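Chains as they are written, first to last, in the working numbering: chain A, -15 to 268; chain B, 2 to 305.
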């Protein structure tokens, strides 16, 4: 009994730890800066203040926040499409077909997957600079599109969840190799496609270092880098700011705006997450 | 890996279906292979090339490594990252395993499912958002846990983010964002332990603690190793947390707290690309060696 009580309280303490900051953030966006300091931290401010915060936020550099959101959406969406079009067939081929160099490619994928990406940001900058793409959206989109973890997930999925006999049967029925992929493998792969899409979208949307280096102009920034630059305009965190200041509730609102797309995608992908993570877990 | 290989195969008399498959396989991986070369292999080679040459392209041996290691900030940032990694990996292994075991003992009811979901939510706030949230959480004037902060003796934001606390604070931020996903993974792995193994342990008279320690945790080993490898690689590249904090603290946390900030500084503030490449290569070598040791010892990535 005592042990159950202990277990219950540990689980509850962690619920508070994980959830309280999110709840606070939601409420903070509805307050004025004075309310943020003086009111109960977990009280609701007013719709009026929320609206005022929104106006103040969008007024910053003429709708910069909306522009950053649009940039993020464009970068994440295009690279998502490229990732899926390249990673899913690659994972399928590694799992289900034999070809020269297959083993090498598999090992290279595993190694690159374990490589810390941020350490490659500087060499990537030099490489992109050498082909004169710095400051263009391709300097972000192309590196984002390279997603070895997605190939690995697809590979694991096909080796564990789809029997090779099924493909052989389709071939005997006269299906071309592309037809086998398109009509047999792809429909079976929906869960892993959703999963790869989710992980790659979140990874790209939340990336900070790469766009921070590649895109020097404010109007090209994705929202992550944008909220970072908002932060340096908040007087309570950075007293040197002049008149174009952003207040803390507006920064909280900007943070909420930055995470909303991820939350939406997250809710849609929820049912794939558990089963999909287990697709990797059942590799024997 | 070109078409000539597969036609050579068929010339040697391999069955037609296989050569057809081989061609298709090559076609399916072609696009990805291109990206792998462009954004995996090539930048790595580029980094190595720059690390061993000077600005004029002359081979300089290890002098870039020596110069950067002698930079007055290098040892400090190395120490910061090492300390952070110790906190981060320890907290991840201990708490993730404990929480997954506790959730698993709750049985597969809606409570366990709801808790896993709640733990996972901060995962959506990865990147700059998580740092911003915690800047607020750690500021006693607005934090919902300001009384806790006051009890611990912190009255101002500056006191909380004193340099000595940073490794711990970055651990809290990283754990808050990243632990939920791993709890879901560990929970799934626990579900995959065969029922008869658990049953056998129960019949042998093992209590919950013994089952966890002698049956469940050993069977989670591969997953724990996997988590440690990825968390190590992720933790070693610490950048956004200290970088944003340096914006918020007017100099309390410098722009040279972590090794990756240092590479940024070398490359873009001091115009020393070769020095930056040297630090990048060091980070790569360390991360890959650590991963290599773990992978070899656990057999996790037996590719085939």
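Beta carbons are placed, not taken as given, at the ideal position from N, Cα and C, and that holds for glycine. Please read all numbers here as calculations on a predicted model, not as lab measurements.
Whether residue i touches residue j by CB criterion (7 Å)
{"i": "residue 21 (chain A)", "j": "residue 146 (chain B)", "result": "no"}
{"i": "residue 113 (chain B)", "j": "residue 107 (chain B)", "result": "yes"}
{"i": "residue 1 (chain B)", "j": "residue 90 (chain B)", "result": "It is not possible to answer for residue 1 (chain B), since the shown part of chain B is limited to 2 through 305."}
{"i": "residue 44 (chain B)", "j": "residue 104 (chain A)", "result": "yes"}
{"i": "residue 62 (chain A)", "j": "residue 124 (chain A)", "result": "no"}
{"i": "residue 40 (chain B)", "j": "residue 73 (chain A)", "result": "no"}
{"i": "residue 106 (chain A)", "j": "residue 277 (chain B)", "result": "yes"}
{"i": "residue 56 (chain B)", "j": "residue 279 (chain B)", "result": "no"}
{"i": "residue 180 (chain A)", "j": "residue 134 (chain A)", "result": "yes"}
{"i": "residue 172 (chain B)", "j": "residue 92 (chain B)", "result": "yes"}
{"i": "residue 224 (chain B)", "j": "residue 190 (chain B)", "result": "yes"}
{"i": "residue 9 (chain A)", "j": "residue 134 (chain B)", "result": "yes"}
{"i": "residue 210 (chain A)", "j": "residue 52 (chain A)", "result": "yes"}
{"i": "residue 151 (chain A)", "j": "residue 80 (chain A)", "result": "yes"}
{"i": "residue 33 (chain B)", "j": "residue 70 (chain A)", "result": "yes"}
{"i": "residue 216 (chain B)", "j": "residue 202 (chain B)", "result": "yes"}
{"i": "residue 180 (chain B)", "j": "residue 97 (chain B)", "result": "yes"}
{"i": "residue 184 (chain B)", "j": "residue 115 (chain B)", "result": "no"}
{"i": "residue 192 (chain A)", "j": "residue 204 (chain A)", "result": "no"}
Residue nearest to residue i in terms of C-alpha spacing, selected from the options
{"i": "residue 4 (chain A)", "options": "B:77, B:103, B:123 and B:66", "result": "B:123"}
{"i": "residue 84 (chain A)", "options": "B:154, B:19 and B:67", "result": "B:19"}
{"i": "residue 220 (chain B)", "options": "B:22, B:243 and B:188", "result": "B:188"}
{"i": "residue 226 (chain B)", "options": "B:186, B:211 and B:242", "result": "B:186"}
{"i": "residue 15 (chain A)", "options": "A:6, A:30, A:7 and A:2", "result": "A:30"}
{"i": "residue 26 (chain B)", "options": "A:100, A:164, A:9 and A:38", "result": "A:164"}
{"i": "residue -7 (chain A)", "options": "B:103, B:135 and B:292", "result": "B:103"}
{"i": "residue 60 (chain A)", "options": "A:82, A:128 and A:108", "result": "A:128"}
{"i": "residue 57 (chain A)", "options": "A:229, A:187, A:218 and A:217", "result": "A:187"}
{"i": "residue 247 (chain B)", "options": "A:86, A:116, A:77 and A:221", "result": "A:221"}
{"i": "residue 238 (chain A)", "options": "A:23, A:44, A:32 and A:2", "result": "A:44"}
{"i": "residue 64 (chain A)", "options": "A:177, A:204 and A:251", "result": "A:177"}
{"i": "residue 251 (chain A)", "options": "B:121, B:170 and B:202", "result": "B:121"}
{"i": "residue 247 (chain A)", "options": "A:201, A:216, A:203 and A:189", "result": "A:189"}
{"i": "residue 202 (chain A)", "options": "A:121, A:223 and A:159", "result": "A:121"}
Cβ-heavy atom distance, residue i to the ligand HEM, below 6 Å
{"i": "residue 150 (chain B)", "result": "For the structure depicted, the ligand HEM is absent and the ligand set is empty, with no information on it obtainable."}
Rounded straight-line distance, which links the Cα of residue j to that of residue i
{"i": "residue 278 (chain A)", "j": "residue 282 (chain B)", "result": "The structure shown does not extend to residue 278 (chain A), since chain A is modelled only from -15 through 268, so no value can be given for it."}
{"i": "residue 185 (chain A)", "j": "residue 35 (chain B)", "result": "21 Å"}
{"i": "residue 232 (chain B)", "j": "residue 97 (chain A)", "result": "12 Å"}
{"i": "residue 274 (chain B)", "j": "residue 164 (chain B)", "result": "28 Å"}
{"i": "residue 119 (chain A)", "j": "residue 128 (chain B)", "result": "21 Å"}
{"i": "residue 268 (chain A)", "j": "residue 222 (chain B)", "result": "Any answer about residue 268 (chain A) is weak, because its pLDDT of 34 lies below 50 and its placement is not dependable; what the coordinates show is given next. Distance between the alpha carbons of residue 268 (chain A) and residue 222 (chain B): 14 Å."}
{"i": "residue 265 (chain B)", "j": "residue 146 (chain A)", "result": "45 Å"}
{"i": "residue 54 (chain A)", "j": "residue 206 (chain A)", "result": "8 Å"}
{"i": "residue 232 (chain A)", "j": "residue 17 (chain A)", "result": "6 Å"}
{"i": "residue 27 (chain A)", "j": "residue 11 (chain A)", "result": "7 Å"}
{"i": "residue 68 (chain B)", "j": "residue 294 (chain B)", "result": "29 Å"}
{"i": "residue 4 (chain B)", "j": "residue 183 (chain A)", "result": "Note that residue 4 (chain B) scores a pLDDT of 40, beneath 50, so its modelled location is shaky; the value from the coordinates is reported in the next line. So the alpha carbons of these two residues sit roughly 33 Å apart."}
{"i": "residue 8 (chain B)", "j": "residue 82 (chain A)", "result": "Low confidence applies here, because residue 8 (chain B) scores a pLDDT of 42, under 50, leaving its location unreliable and the question unanswered by this model."}
{"i": "residue 192 (chain B)", "j": "residue 254 (chain A)", "result": "18 Å"}
{"i": "residue 86 (chain B)", "j": "residue 249 (chain A)", "result": "30 Å"}
{"i": "residue -11 (chain A)", "j": "residue -5 (chain A)", "result": "10 Å"}
{"i": "residue 36 (chain A)", "j": "residue 31 (chain B)", "result": "52 Å"}
{"i": "residue 155 (chain B)", "j": "residue 81 (chain B)", "result": "22 Å"}
{"i": "residue 218 (chain B)", "j": "residue 219 (chain A)", "result": "49 Å"}
{"i": "residue 292 (chain B)", "j": "residue 101 (chain A)", "result": "14 Å"}
{"i": "residue 88 (chain B)", "j": "residue 290 (chain B)", "result": "20 Å"}
{"i": "residue 245 (chain A)", "j": "residue 242 (chain B)", "result": "21 Å"}
{"i": "residue 270 (chain B)", "j": "residue 58 (chain B)", "result": "20 Å"}
{"i": "residue 170 (chain B)", "j": "residue 22 (chain B)", "result": "53 Å"}
{"i": "residue 72 (chain B)", "j": "residue 78 (chain B)", "result": "10 Å"}
{"i": "residue 75 (chain A)", "j": "residue 160 (chain A)", "result": "18 Å"}
{"i": "residue 48 (chain B)", "j": "residue 255 (chain B)", "result": "26 Å"}
{"i": "residue 64 (chain B)", "j": "residue 159 (chain B)", "result": "39 Å"}
Rounded distance between the beta-carbons of residue j and residue i, thought under 8 Å
{"i": "residue 214 (chain A)", "j": "residue 199 (chain A)", "result": "About 16 Å; that fails the 8 Å criterion."}
{"i": "residue 260 (chain B)", "j": "residue 285 (chain B)", "result": "Incorrect: roughly 11 Å between the Cβ atoms, too far for contact."}
{"i": "residue 262 (chain B)", "j": "residue 240 (chain B)", "result": "6 Å"}
{"i": "residue 93 (chain A)", "j": "residue 131 (chain A)", "result": "With 8 Å as the limit, residue 93 (chain A) and residue 131 (chain A) do not qualify as a contact, their Cβ atoms being about 10 Å apart."}
{"i": "residue 296 (chain B)", "j": "residue 237 (chain B)", "result": "Contact flag wrong, Cβ pair sits at about 16 Å."}
{"i": "residue 243 (chain A)", "j": "residue 126 (chain B)", "result": "5 Å"}
{"i": "residue 240 (chain A)", "j": "residue 13 (chain A)", "result": "6 Å"}
{"i": "residue 167 (chain B)", "j": "residue 258 (chain B)", "result": "7 Å"}
{"i": "residue 78 (chain A)", "j": "residue 68 (chain A)", "result": "Going by Cβ atoms, the distance from residue 78 (chain A) to residue 68 (chain A) rounds to 16 Å, so no, they are not a contact pair."}
{"i": "residue 150 (chain B)", "j": "residue 161 (chain B)", "result": "6 Å"}
task = Please confirm if the segment 40 to 48 of chain A is in contact with the segment 173 to 181 of chain B, defined as three or more CB-CB distances below 8 Å between the two stretches.
result = no
message = I want to know whether the segment 170 to 179 of chain A touches the segment 140 to 152 of chain A - three or more CB-CB distances under 8 Å.
response = yes
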